[in-house]
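Scroll down for the structure; my scribbles are underneath it.
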Amino acid sequence: MALPRPAAGACTLRHGSGGSLGAGGVAGVVSFDVIHSMKLNFTDRARDMVVSFMDMDEDGLQALRVAVDGSPFAPRYELTLVEAETRAPTDVEVDAGSFTVLVDEGSVKRLDGATVDYLETIQESGFQIVPDPDAVAAAMDEIGPTGELWERVSHVLDTEINPAVASHGGAINLVDVQGTEIFIEMTGGCQGCAMSRMTLRQGVERMVSQAVPEVTAIHDVTDHDSGDNPYFA
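Written out as structure tokens, the structure reads:
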């Protein structure tokens, strides 16, 4: 049984290894503390929806696994209904009252302080996880310039792209690499520039793709609204 996935900031809730459910309010947030001083918050709506999906499941799945992967700039969240007996030795267990939450060891830091919510609109509905800003900042601090792909892309930015945009008082920095996907941030005159999207599409994408064909996607994570010349989408 699957629900539509919300357009933005959404996560997926699956039954076992199968179908997905979909997003989340502010009122009625309940916090659950677990080992390592981790805290996971559920709104009343999100908690009620998890219970309702469990009640509809014929296999009696009574645990909710929550995980996150991908770059801190573009995290991918997943909620999965599983049997409580599937708990791994390294899992962190959260007693959410009506159900048990399992968090894998690699997701604990990034989910610490997060809020699980459920949103419904005319067009879509689903679960949504809002991370704690401190956890996001900590994850970003752990990002470092490693790997051949990082070095090759950085070389293209430093020698071919940034000398060109420097005349406009701007710079384009590589902030993360996830597999074959790269994440860049524009600063100075490039931040908020109305031409930044065209610059990214016609300049950065073309030059990086030619020099480093292994790159499959380029994501702009710039906060353009905070720039001197913010564009309006």
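The sequence shown begins at -5 in the working numbering and counts up by one.
Positions of the beta carbon are idealized from the N, C-alpha and C atoms, including for glycine.
Under a three-way DSSP split, which group does residue i fall into?
i           : result
residue 155 : helix
residue 180 : strand
residue 204 : helix
residue 59  : strand
residue 78  : helix
residue 92  : coil
residue 52  : coil
residue 38  : helix
residue 214 : strand
residue 97  : strand
residue 86  : strand
residue 197 : helix
residue 209 : coil
Excluding sequence positions up to five away, which residues of its chain have a Cβ less than 8 Å from the Cβ of residue i?
i           : result
residue 208 : 143 and 174
residue 201 : 150, 154 and 155
residue 158 : 197
residue 56  : 48, 77, 78, 93 and 94
Residues bridged to residue i by DSSP?
i           : result
residue 172 : 175
residue 229 : Here the chain covers residues -5 to 227 and nothing more, so residue 229 does not appear.
residue 114 : 119
residue 107 : In DSSP, residue 107 forms no bridge with anything.
residue 165 : 181
residue 124 : 109
Quick one: what's got a C-beta closer than 7 Å to residue i's C-beta in the same chain, skipping five residues either side?
i           : result
residue 126 : 106, 107 and 108
residue 172 : 64 and 65
residue 204 : none
residue 81  : 87 and 96
Within its chain, find whatever has a CB closer than 6 Å to the CB of residue i; leave out the 5 residues flanking it on each side and keep chain order.
i           : result
residue 211 : 175
residue 84  : 99
residue 110 : 36, 40 and 123
residue 101 : 61 and 62
residue 179 : 167, 169, 215 and 216
residue 53  : none
Could you give the C-beta distance for residue i and residue j, rounded to a whole number, given that I count them as a contact under 8 Å?
i           : j           : result
residue 271 : residue 73  : Since the first and last residues shown for the chain are -5 and 227, residue 271 lies out of range.
residue 166 : residue 198 : 6 Å
residue 76  : residue 59  : 5 Å
Say yes only if the C-beta of residue i is nearer than 7 Å to one or more non-hydrogen atoms of the ligand GDP, and no if none qualify.
i          : result
residue 44 : No copy of the ligand GDP occurs in the structure displayed, which carries no ligand at all.
| said: Counting beta carbon pairs with one atom in the region 44 to 58 and one in the region 91 to 98, are three or more of them shorter than 8 Å? | reply: yes
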